[in-house]
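Beneath this line is the structure, given in structure tokens, with notes to follow.
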Amino acid sequence: MLSKLFPSSVNFKHYLALFVPLGLTYVAYKNTNIQKYWRHILRKWSNDHKVTVIVSSEIDSKLAVEQLKRKLNERKVIGLDCEWVSNKGKRHPVALLQLSAPDGFCSLFHLCSLKSVPSELVICKKYGIWTRLFWDEKDYWYHSYNLWSSYIGLNFKIRSISSSNGSSSGRRTKPVDPVIRRNYNTLLHRVHYSNIFLLAPDRQVLCTISESKAAWYIEKGLVDIVCDDPKTLKLKFEPSNRSSEPDGYYTRPKDNRCVVCGNEADLRRKNVVPSEYRKYFDESLKNHHSHDVLLLCLSCHTRSNMFDQDLRDQLVIECNAPLADGKNNKLREMPELRALRSAARAIYFAGETIPEPRRTELLKIISDTLGIPIDDITTSFLENVINIEFVVESEQYVPHGQKVVEHYLSLGGVQDLERRWRQHFLNTMSPKYLPDL
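If you read the sequence shown in our numbering, its first letter stands for residue 2, the second for the next number, and so on.
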């Protein structure tokens, strides 16, 4: 049989020399322990070859940036991270900047130790970030967001979590939470303004409505279709009230484009006056805020949110209204309740393995906190304690937005706050396509 497959012994030896190593390689690959061993070796080798450079002077900065640029010539991807300190709701300047190359080279810039931000930190757009001469110049951050904005909403094939035998598949992973499964790509590209006219029985234009609202009117039989282009509906009943707006803002069609740059893709709504303030306005101002809802593309929306933080920081100081942080927060942790739950869980789940001195100490914590004898701490009692909540709402906490609104109300009204946010948007974004107001 072998002689038919391999005419000569020389050929047989050649085939044997070829297939034996392949077979051994396949067996080794399928063996989980061998896989883990080689992954450990590769990981250790990779960690040993990673270099971290700490930069605390201008000379070190020049050397680190030059080395970083040489590494980026191979793969133009850069990792960035910043560290700073917040005090009383106000964020201090960046103290530590971390830049890393794909091969693991990492440079840590102690900006707090430098007199100024080194000019060498001008990272060209081809590496993903461009900030001119100063790192905190937010006006140019949109370059970095433009690099990934086109990928939002796309489906990617990713490696799934390794199974018990160490293998992994390339199948798409399905999130468990149904909210995560929403098609955000559709949300970004949908038409926000359908511009369907709604008329009163006497044919006065009341407003423009959305496609879903128009479908609801038609389904309920409350309107007649007057025209299909442009789509126009007429009510069969007299409306309870009519718009008294002299400028006709609610009756004019609106463009589906970014009011800043004119882009017609990836649009989302922008609240010029953030909802964290408007929700504390009077009902008359809260319910009539269409003038403050504008369409922005993803890049402009992100940039605008960054500029909003500047005004928010000013309001923190002017109104004595700190933002939520570790000390000023709606939720407050009760250390004694946390210690109680930890002690109860330790005894309930691992009581038999805990040394007796430690077990006695844990029982004493439960006894002292709840004021009960140790003999009364039974298994059924612990079942009620192991899930006790140790995070409660703080009675002293007042949200930042509420304090700001209360401050402006004490000065005469929130109209000044509303105007201030509108002017801030105009000054920072310079919109070119605002609708007629």
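Cβ coordinates follow ideal geometry from the N, Cα and C atoms, glycine included.
Delimiting residues of the alpha helix (DSSP H) encompassing R269: Walking along the sequence shown from the start, residue 269 turns up at place 268. Taken as a continuous stretch (DSSP letters only), R269 belongs to no alpha helix (DSSP H), being part of the beta strand (DSSP E) at 268 to 272.
Taking only the alpha-carbon atoms, compute the straight-line gap between Y194 and H292 and give it to the nearest angstrom. For the purposes of this step, residue 194 is taken as the residue at position 193 of the sequence shown. For the purposes of this step, residue 292 is taken as the residue at position 291 of the sequence shown. Their Cα atoms are separated by approximately 14 Å.
Check whether the Cβ atoms of Y434 and R258 lie closer than 8 Å to each other. Translated into positions along the sequence shown, residue 434 becomes position 433. Translated into positions along the sequence shown, residue 258 becomes position 257. Taking 8 Å as the Cβ cut-off, Y434 and R258 qualify as a contacting pair.
Taking one C-beta from the region 198 to 207 and one from the region 228 to 237 each time, how about it: are there three or more such pairs within less than 8 Å? yes
Skipping 5 residues on each side, what residues in its chain have a beta carbon closer than 6 Å to that of Q99? Against the sequence shown, residue 99 aligns to sequence position 98. D82, L109, listed in sequence order.
One question on the structure: do V56 and H111 come within less than 8 Å of each other, judged by their Cβ atoms? As a first step, residue 56 must be located in the sequence shown, where it is residue number 55. As a first step, residue 111 must be located in the sequence shown, where it is residue number 110. Against a cut-off of 8 Å, the Cβ pair of H111 and V56 comes out as a contact.
My parser needs the alpha helix (DSSP H) runs of 4 or more residues fully inside the region 333 to 382; what are they? 336 to 351, 357 to 371
L200 bridges to which residues according to DSSP? One-based indexing of the sequence shown puts residue 200 at position 199. BP columns for L200 point to V206, K235.
Let me make sure I understand the geometry here. Which of K70, R346, L223, L316 has the alpha-carbon closest to that of G80? Within the sequence shown, numbered from 1, the residue matching residue 80 stands at position 79. Measuring from the Cα of G80, the nearest candidate turns out to be K70.
Assuming L332 and V392 are in contact, meaning their beta carbons sit under 8 Å apart, how far apart are those beta carbons, in whole angstroms? Within the sequence shown, residue 332 is the residue found at index 331, counting from 1. Within the sequence shown, residue 392 is the residue found at index 391, counting from 1. Sure, about 5 Å apart at Cβ, within 8 Å.
What does DSSP give as the partner residue(s) for L97 in the beta ladder? Residue 97 sits at position 96 when you count from the first residue of the sequence shown. According to DSSP, L97 bridges with E84, H111.
Unbroken alpha helix (DSSP H) run spanning T429, endpoints: Residue 429 sits at position 428 when you count from the first residue of the sequence shown. Run containing T429: 416 to 430, per the alpha helix (DSSP H) assignment.
DSSP state of C259 mapped onto helix, strand, coil: Position 258 of the sequence shown holds residue 259. It is coil, neither helix nor strand.
Mind reading off the beta-carbon distance from Y218 to V405? Whole number of angstroms is fine, and I expect it under 8 Å. Locating residue 218 in the sequence shown gives position 217, counting from the first residue. Locating residue 405 in the sequence shown gives position 404, counting from the first residue. The Cβ separation is near 39 Å, so there is no contact.
With DSSP collapsed to three states, give me the class of C301. As a working note, residue 301 is residue 300 in the sequence shown. C301 falls in the helix class under three-state DSSP.
Beta-bridge pairing of T53 - partner residues as DSSP gives them: The residue you call residue 53 lines up with position 52 of the sequence shown. C107.
Quick check on L295: does DSSP put it in helix, strand or coil? Along the sequence shown, one-based indexing puts residue 295 at 294. L295 falls in the strand class under three-state DSSP.
Rounded to the nearest angstrom, what separates V224 and T209 at their Cα positions? Here residue 224 refers to the residue found at position 223 of the sequence shown. Here residue 209 refers to the residue found at position 208 of the sequence shown. V224 and T209: Cα-Cα distance of roughly 14 Å.
Using three-state DSSP, classify I1 as helix, strand or coil. Residue 1 lies beyond the range of the chain shown here (2 to 438); nothing can be said about it.
Of all the options D267, V227, L200, which has the alpha carbon lying nearest to the alpha carbon of V192? Along the sequence shown, read from residue 1 onward, the residue named residue 192 stands at position 191. For V192, the nearest C-alpha among the options comes from D267.
Can you tell me the Cα-Cα spacing of D140 and R253, whole angstroms? The residue given as residue 140 occupies position 139 in the sequence shown. The residue given as residue 253 occupies position 252 in the sequence shown. Residue placement at D140 cannot be trusted, given a pLDDT of 42 that sits under 50; the coordinates are not used to answer.
Would the region 348 to 364 and the region 306 to 313 be scored as touching if the rule is three or more Cβ pairs under 8 Å? no
To which residues of the same chain is R269 closer than 6 Å at the C-beta, ignoring the five residues directly before and after it? By one-based count along the sequence shown, residue 269 stands at place 268. Only H302 meet the Cβ criterion.
Please state whether the Cβ-Cβ distance between A345 and V386 is less than 8 Å. Within the sequence shown, numbered from 1, the residue matching residue 345 stands at position 344. Within the sequence shown, numbered from 1, the residue matching residue 386 stands at position 385. Yes, these two residues count as a Cβ contact at 8 Å.
Using a threshold of 7 Å, is the CB atom of Y251 nearer than that to any non-hydrogen atom of the ligand ADP? Ligands displayed in this structure: none; no statement on the ligand ADP is therefore possible.
Would you identify the three-state DSSP class for G129, choosing helix, strand or coil? Position 128 of the sequence shown, counted from the first residue, corresponds to residue 129. The predicted model places G129 with a pLDDT of 44, which falls under 50 and marks its position as unreliable; any figure quoted below should be read in that light. Looking at G129 - three-state DSSP - the assignment turns out to be coil, as it is neither helix nor strand.
Given this structure, state the Cα-to-Cα distance separating E384 from Y349, to the nearest angstrom. Taking the sequence shown and counting its residues from 1, one reaches residue 384 at position 383. Taking the sequence shown and counting its residues from 1, one reaches residue 349 at position 348. So the alpha carbons of these two residues sit roughly 8 Å apart.
Separation of E84 from L418, as counted between CA atoms: Looking up residue 418 in the sequence shown gives position 417. Looking up residue 84 in the sequence shown gives position 83. Between L418 and E84, the C-alpha separation is close to 32 Å.
Mark G402 as exposed unless 16 or more other C-beta atoms lie within 10 angstroms of its C-beta, in which case mark it buried. Residue 402 sits at position 401 when you count from the first residue of the sequence shown. Under this definition G402 is a buried residue.
Helix, strand or coil for D225? Go by DSSP, reduced to three states. Taking the first residue of the sequence shown as position 1, residue 225 is located at position 224. In this structure, D225 counts as strand in the three-state DSSP scheme.
Strand pairing of V392, partner residues [DSSP]: Here residue 392 refers to the residue found at position 391 of the sequence shown. Beta-bridge pairing links V392 to E334.
How about I389 and L427: are their beta carbons less than 8 Å apart? Along the sequence shown, read from residue 1 onward, the residue named residue 389 stands at position 388. Along the sequence shown, read from residue 1 onward, the residue named residue 427 stands at position 426. For I389 and L427, no; Cβs fall outside 8 Å.
My output table needs one value for D311: the three-state DSSP class, helix, strand or coil. Position 310 of the sequence shown, counting from 1, holds the residue named residue 311. Note: D311 maps to helix in three-state DSSP.
What is the C-beta distance between A322 and H408, in whole angstroms, given that I count them as a contact (C-beta under 8 Å)? Locating residue 322 in the sequence shown gives position 321, counting from the first residue. Locating residue 408 in the sequence shown gives position 407, counting from the first residue. That belief holds up - the Cβ atoms of A322 and H408 are roughly 7 Å apart, short of 8 Å.
Quick one: residues in its chain with C-beta nearer than 7 Å to the C-beta of P240, no 5 flanking neighbours on either side, listed in chain order? Here the question's residue 240 lines up with position 239 in the sequence shown. A201, L207, listed in sequence order.
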